[in-house]
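With the numbering used here, the residue at position 287 of the sequence shown is 510, and numbering never jumps.
Beta carbons are placed, not taken as given, at the ideal position from N, Cα and C, and that holds for glycine.
Since we're looking at a predicted model, the values are computed, not measured.
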Amino acid sequence: MPQPFLQSLTGKTLVRLAAGGAAVLLAATAVGGWLRYRGLEEQAVLRLTTQAAAQARVAERVLVRVSETHEVLRRAFVDLWPGYQGAGTLERFDALMNQYPDGAWRNRQKFSDGTRFATGWIRSGTVLTEDLRRRTMLFYDLSTRYGPGAAMRRDNLFFVSVPEQSNMGFDPTLFPNWVYDVGGDFTMLDFEWGRLGYAPAPPGARAQWAIPYVDSVGPQNGPMFTLMTPLHVGERHVGAIGSSVLLKDLLEAVLRSPAPGTRFLMFHPDGRLMVDTALADRMSPSAVGARLDQLGGDLPAALQSAARDATDGAASGYSGGSDAYLAVARIEGPGWLVASVLPGAAVRSQALGVALLALAVGGLSLLTMLAVFTVVLRRQVAAPLNDLTLAAERVAAGDTAVHLPATRDDEVGQLARSFNDMAAKVAERDASLREDKLEIEAALTSLRLTEERWRAMTDHASDFIAVVAGDGTFSYVSLPVQRMLGVSADSLVGRDALELMHPEDREALRPRLFHPSGPAAQFRARHADGTWRVLEAVGRDLRAHPAVQGLVLNIRDVSEIVKAEQEVVRQRESLHQSEKLSALGGLLAGVAHELNNPLAVVVGRAVQLEDGAAEASVRDIAAKIRNAAERCARIVKTFLAMARRQDTRREPTAINEVINDALDVLAYTLQSSGVQVDIDLGSGLPPVLADASQLGQVFMNLFTNAQQAMAGIDGPRLLTVRTRADGDMLRVEVSDTGPGIPAELASRIFEPFFTTKAVGEGTGVGLSVSLGIAQAHGGTISLQPAQEGRGAGFVLSLPALRGAGAAGEASRHAPAAAGRGADILVVDDEVEIAEILRDILRPAGHRVTLAHSGEQALRELDASRFDLVLTDLKMPGMDGPALYREIQKRHAALARRVIAVTGDTLGTGARDFVQATRVPVVDKPFQPDDVLGRVDEVLRRT
């Protein structure tokens, strides 16, 4: 079957020739076009530069005539001024000027024709000095003499006085009667030309040009600009000469014969744009107020750069962002700049035309050459190759009797003879290959079935099979590894087998890997999700087997079995700890009640002694006794809270108080271990909504861990505790100067039962329990490096309870006067405590009766009327709850005025009674203010 032309040798050769010729043609065209473009570019820049310089010179000739007229007027003013000092000048002023109803001075009616007379205006409220009147008349005469000549050039001529606001001039073409069109309070300072005329100027100061503007009196005239020349009498600045030139008159002269396709701009050196033929009609007022930076792109920057270079003549440049060639020239006098801009596309279009013509001629030549090559290739190459191709296809189809004519003596003839020899040899070998093929197909079928059977067994097993080569790398891994470790089998081939193992297991298992013997070995391997799985492997050394040449390992996942065994150990340890805590709680409950009663006596008597002692030394001793007893009470309460299992009760809690309570409990332990405590507790911290006993357990764990970590080190032992407010969170930092926590163990310290302590020193549950408590309160605990690289630091973050005042800083409120003078029954089996309560209440005006049992209290209640009852909860015989129930039955109204006094509010019985009855409680040991405050609170409420 004949091939398509483009796929034949002839077609491919012609395509390559065409491609090479086209590349050469395009390269030549590109180089020629580029050279032509560069020449046109230089011509365009030269033309623009010449045009900009010519436009600047034309503008200078237009403007210089105005400057020359002003210089003549300035000299005339100086020469004539001495002759205007007589009285006749003042009389002429009175004949010319008249004050109008709006307060301004203007020409009298007979001189009001602005096309015939010079007209003047003096602002309302101006003081008419003789000097101003003389200047006005001199300005009038100069305007009458020189004004018509200026009007013939379409310029106006006017004079202003300084510092008074007045204007006198002749302007028959632009604004002939302007003085009658403006109000008396019109101010020339609203215009740039006015501000230039009234700006202080020393003698010899040069004239200044104002930027074009549109006058509100004659907007139909379009934009105009004004030249202001100062006038002096000696050293005194007395006025200014002004002339306004229409912008369109200047442009008609400058743009009389603009170059085709160019854009004209005129702008101030500070960037104010006065003319742009591309933005608006060159005569339009809309061009006033524009700026160069409104043109967009980098054209403004290119114009400013060329303007800086155009100090002498014209400067050229190119704007890449706007694709434009430009030339800028300066107008001497006002210092303005003119620019001619030519689009880069215009230059390229000329160069492109030349390049296209050259490209067309070259393309025609290339097509002619390709036609000649086509005829030659078809006859000399394509036809013989086609015969050879057909013969080769017949041989491929099995016809080995094919024979080519070999009459040519060139390469094609030699190729035909070689082909004939090849066909003969192929015929001989074909018969032999058919026999070999049948034998090979039988062997391959047997091998394939064996391999498929082996693959089916290994790929669907619950374990995975691995072969480790002599260098320790995997040479084969079965597919179940994907299910077991989350990695593909192919990704493990070629990797070191020890890489899968945990770093702590590698060295122990390295000998077993190369000498697999004995029982199954367990090791940890990382799963693709980052977790560690426990694997068990058995192996056999088959390195001598020629088909295996490695260690064959059978590996299974035993993670769940190991986890179940560890869980059994954890449960056993947890049960053991719970039993110890339960026994400790029962013991501490009894100790707390027995200690709080005598502590209440010590605190109460110490307070009385402190308040009643006359000598300062006695008061100091009493205060020390009270502080020591109160500390003992806090320690007992903290121990009880830690040992007792309580229902979680969250309430606003002062974090600093919980920390101080925990430090009080551990004070002796820390001191005896040589640990110094650095406490920096922030003031004014908001409370947290928390269970104080649970937070106390967290701090006890952190402080105890720090003390134990520093027990075995030499050098300073410092425990640092800091509290801070951090946004909406409270931050507690606890750090020590111990040996610290190794980096490889930092990720495991919060795991349950993980500990680095020796047996008997720790259970490994403290930090995990503390983390659970912190997370249950909406916070967290994290490990951070301690300062100076020593020790360990922990940060506890808890959400602050916003909207509440600073916790733990409220002053004790004094008893209110509403409850004074009440009859109170005090019930307590401890005589000393009852007497202390009596001694606290009597000075406050209360009448107190004592009872030392529940039965005696009922007899007193039946015999007398009482306003309030204070009763202990734990008493022999009838205890506090039983007494309360009897009061409810016999004296129902009094049940709302019962206060419980107890040293164990955490006990189950006391807690249940208080929660059920909502009876107010006074904890032992108590302060007098606490008792009086609670009594007054109940009396006021009921």
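query = Does the beta-carbon of D686 have 16 or more other beta-carbons within 10 angstroms, so that it is buried, or is it exposed?
reply = buried
#### Entry: Of the listed residues E1053, A245 and D378, nearest to L593 (C-alpha basis)
A245
Taking Cβ positions, are I554 and H491 nearer each other than 8 Å?
no
Neighbour-count burial assignment, H293, 16 or more Cβ in a 10 Å radius: buried
So, are the CB atoms of V1142 and V1158 less than 8 Å apart?
no
(Q) Please state whether the Cβ-Cβ distance between A836 and A845 is less than 8 Å. (A) yes
*Residues bridged to S389 by DSSP?*
I345
*Should the region 462-469 be regarded as contacting the region 380-395, the criterion being three or more beta carbon pairs within less than 8 Å?*
yes
| said: Quick check: what's the CA-CA separation for R356 versus T338? | reply: 23 Å
Compare the beta carbon distance of G567 and D535 with 8 Å and say whether it is the shorter of the two. no
Run through the DSSP bridge pairs and tell me what S1020 is partnered with. R954 and T1003
For this session: Flag this pair as touching only if the region 1056-1065 and the region 1100-1116 have three or more C-beta atom pairs under 8 Å; answer yes or no.
Result: no
Item to check | Paired residues, beta bridge with Q308 - DSSP | outcome: DSSP lists no partner for Q308.
_Extent of the continuous beta strand (DSSP E) run through W328_ = W328 to N330
Report task. Report the rounded CA-to-CA distance for L1162 versus R1119, giving the unit in angstroms. Result -> 10 Å
Which one of L469, S389 and L1021 has the shortest CA to CA distance from M447? L469
Next item on the list: Inspect the beta-carbon positions of A760 and A744 and report whether they are closer than 8 Å.
Entry: yes
Exercise. Report buried or exposed for P726, applying the criterion of at least 16 other Cβ atoms within 10 angstroms of its Cβ.
Key: exposed
Any contact between the region 875-893 and the region 918-932? By contact I mean 3 or more CB pairs, one from each, below 8 Å. yes
Requested in this report: Just confirm the distance between the C-beta atoms of R284 and Y403, as a whole number of angstroms; I'd bet it's less than 8 Å.
Outcome: Wrong, their Cβ atoms sit about 36 Å apart, outside the cutoff.
Backbone CA spacing between D914 and E1160 [nearest angstrom]
25 Å
Can you tell me whether DSSP reads E634 as helix, strand or coil?
-> helix
Practice task
Grab me the residues of R1070's own chain with a C-beta within less than 6 Å of its C-beta, minus the 5 sequence neighbours each way, in chain order.
Solution key: D1046
* May I have a chain-ordered list of the beta strand (DSSP E) segments no shorter than 3 residues that lie completely inside the region 1037-1112? => 1046-1050, 1070-1074 and 1091-1095
Check: With C-beta atoms as the reference, is F1017 less than 8 Å away from L1048?
Finding: no
I need the DSSP call for H460, collapsed to helix, strand or coil. strand
Assuming contact is defined by CB atoms lying nearer than 8 Å, are R315 and R376 in contact in what I supplied? no
Checklist entry - CA-CA distance, A1074 and K1097? => result 14 Å
Inset, instruction - Return the first residue and the last residue of the alpha helix (DSSP H) that T367 is part of. - result: E353 to M375
Cβ neighbours of S507 in the same chain (closer than 8 Å, five flanking residues each side left out)
Its pLDDT being 48, under 50, S507 is placed unreliably in this model, and the coordinates cannot settle the point.
Which one of M645, I688 and V992 has the shortest CA to CA distance from M707? I688
Check: What three-state label does DSSP hand R701 in the structure shown?
Finding: First, the residue type needs correcting, since residue 701 is Ser and not Arg in the sequence shown. S701: coil per DSSP, three-state reduction.
message: If distances are taken between C-alpha atoms only, which option among L904, P910 and V898 comes closest to P939?
response: V898
Using the C-alpha atoms, what's the distance from L579 back to A524?
35 Å
Could you give the DSSP three-state label for Q772: helix, strand or coil? coil
### Message
Below 8 Å on the Cβ atoms is my contact criterion, and I expect V911 with I996 to pass it. Report the Cβ-Cβ distance as a whole number of Å.
### Response
That pair is no contact at about 12 Å.
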